[in-house]
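Peer 1: Take this structure first; my questions come after.
Numbering (the working numbering), first residue to last: 1066 to 1353.
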């Protein structure tokens, strides 16, 4: 299934690219650096941002002005950056898949409205075929995200997101092995509720629809904060910490499971702060 997700991800670009072109997004990359074997060797083997001493040495070796060499390295760094069209196609796929997950994640299950039912008859709760395939699809989705990091656009937060995907895969696997799929579906649905809004904001930004981008980002911020700082602690943590203790007592993995969920809440607070700070700067600047 992860391989199928990756294949679907690659083929989706044939749909996304015409959409991007119709929106006026061109496949034009940044200015390319002038070919130079010496500078290219320094760039690929030593450093992408040479210091003053190395710049002086290269200036003497090439008989170039220091400013010209700095400009060459700047163009060479920008040359490796993906085009706006490439970023649009990648984000359009993630947005479409996020919306697809959102539609799949609305099972008419009683524990969605009464969280105490997550623990009735635990751990002898039947695993329906719908929940089974839902969990397998979720697991495949995050595996495909982790693998695609090595083929997609390289980002500054590569390591953080790699660790995040590993932790997510671990939590999904852990909850499945311990038959905690009921509370697991609550956590997964809640965390994906705002994802497609952020991706939609990025798409609008690439297409230069600034007002639409601002609207999506502000809506994303509201949904993120409400779900992560409101619903998550008072609904999900309440049931995993207190209702589970009341109904079934401290089961063997109680401490580990809740420790991970509380750690997640700490991350929610940090991310919410960053979102609020970004929104404030956007309001001051006039755009996201």
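All residues carry an ideal CB built from backbone N, CA and C; glycine is no exception. Just so you know, these numbers come straight off a predicted model, no measurement behind them.
What residue range is occupied by the uninterrupted alpha helix (DSSP H) comprising residue 1309?
Peer 2: 1309-1312
Peer 1: Can you tell me the Cα-Cα spacing of residue 1256 and residue 1292, whole angstroms?
Peer 2: 8 Å
Peer 1: Please report how far the alpha carbon of residue 1272 lies from the alpha carbon of residue 1190, in whole angstroms.
Peer 2: Spanning the two alpha carbons is a distance of roughly 48 Å.
Peer 1: Is the stretch 1139-1148 close to the stretch 1078-1088, with three or more CB pairs under 8 Å?
Peer 2: no
Peer 1: DSSP three-state label for residue 1346, please.
Peer 2: helix
Peer 1: According to DSSP, simplified to helix, strand and coil, what is residue 1230?
Peer 2: helix
Peer 1: I'd like the span of the alpha helix (DSSP H) that includes residue 1283, first residue to last.
Peer 2: Counted as a single uninterrupted DSSP element, the alpha helix (DSSP H) harbouring residue 1283 occupies residues 1275-1291.
Peer 1: The alpha helix (DSSP H) with residue 1211 in it runs from where to where?
Peer 2: 1194-1213 is the extent of the alpha helix (DSSP H) around residue 1211.
Peer 1: Would the beta-carbon of residue 1204 fall within 9 Å of that of residue 1225?
Peer 2: no
Peer 1: With burial defined as no fewer than 16 other Cβ atoms inside 10 Å of the residue's Cβ, what is the status of residue 1267: buried or exposed?
Peer 2: Residue 1267 is buried by the Cβ-count criterion.
Peer 1: Determine the direct distance from the alpha carbon of residue 1252 to that of residue 1281, and round the result to whole angstroms.
Peer 2: 23 Å
Peer 1: Is the distance from the Cβ of residue 1318 to the Cβ of residue 1187 below 9 Å?
Peer 2: no
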